[in-house]
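Colleague:
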Amino acid sequence: MGIVQFSQGFVESLQASSETDSSRAQTIELHIQNRIAAELERIRARETQTLADLEKRIADQSSPSSSRQSQSKSQPGPLPPSPSMPRVYYCKRHTNTGTEQRAGAAGNLGAERQVGREEEGAGLG
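So the sequence shown is numbered by UniProt numbering: it starts at 1 and just counts up by one.
#1: Just to confirm the assignment, what range does the alpha helix (DSSP H) spanning Glu41 have?
#2: For Ile43, I'd like the list of residues in its chain whose CB is within less than 6 Å of its CB, leaving aside the five on either flank, ordered along the chain.
#3: Under three-state DSSP, which class holds Ser13?
#4: Please classify Gln8: does DSSP put it in a helix, a strand, or coil?
#5: How many angstroms separate the CA atom of Ile58 from the CA atom of His31?
#6: Compute the Euclidean distance between the alpha carbons of Lys56 and Thr20, then round it to the nearest angstrom.
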């Protein structure tokens, strides 16, 4: 590799500049913060519009005239995803319904009673 050389004009402009490394870093940081703030505002506006659209659809579906129409038609499916909406992935744990929980609790109670009887019998012997 050869030696890197800079023009005299470039070197002089750097030496004459009052900008320091810290002031350059601050300028860059402010620029980044402004870009992030603008992006967040854009996302916030998009989400506000999406919410308004969904609320309008829900209101239209729950109005009396549309409920009669929906009874005569097949039930509408879920809304198609919008290409501009971000995808949110989540993992949902399996939860029992109330009936399954009550049945499970009753079954566990019986098992606990059985264990208690076995322990009582062991203590007698």
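Cβ coordinates follow ideal geometry from the N, Cα and C atoms, glycine included.
Modeller: So, to answer that:
#1: Stepping through the sequence shown from its first residue, residue 41 is reached at position 41. From DSSP, the alpha helix (DSSP H) with Glu41 extends over 21-62.
#2: Your numbering for residue 43 matches position 43 in the sequence shown. Closer than 6 Å at the Cβ level, and outside the excluded window around Ile43, lies no residue.
#3: Your numbering for residue 13 matches position 13 in the sequence shown. Ser13 falls in the helix class under three-state DSSP.
#4: As a working note, residue 8 is residue 8 in the sequence shown. In this structure, Gln8 counts as helix in the three-state DSSP scheme.
#5: Sequence index remark: in the sequence shown, residue 58 carries index 58 (1-based). Sequence index remark: in the sequence shown, residue 31 carries index 31 (1-based). About 41 Å.
#6: As a working mapping, residue 56 is identified with position 56 in the sequence shown. As a working mapping, residue 20 is identified with position 20 in the sequence shown. Rounded to the nearest angstrom, the two C-alpha atoms are 54 Å apart.
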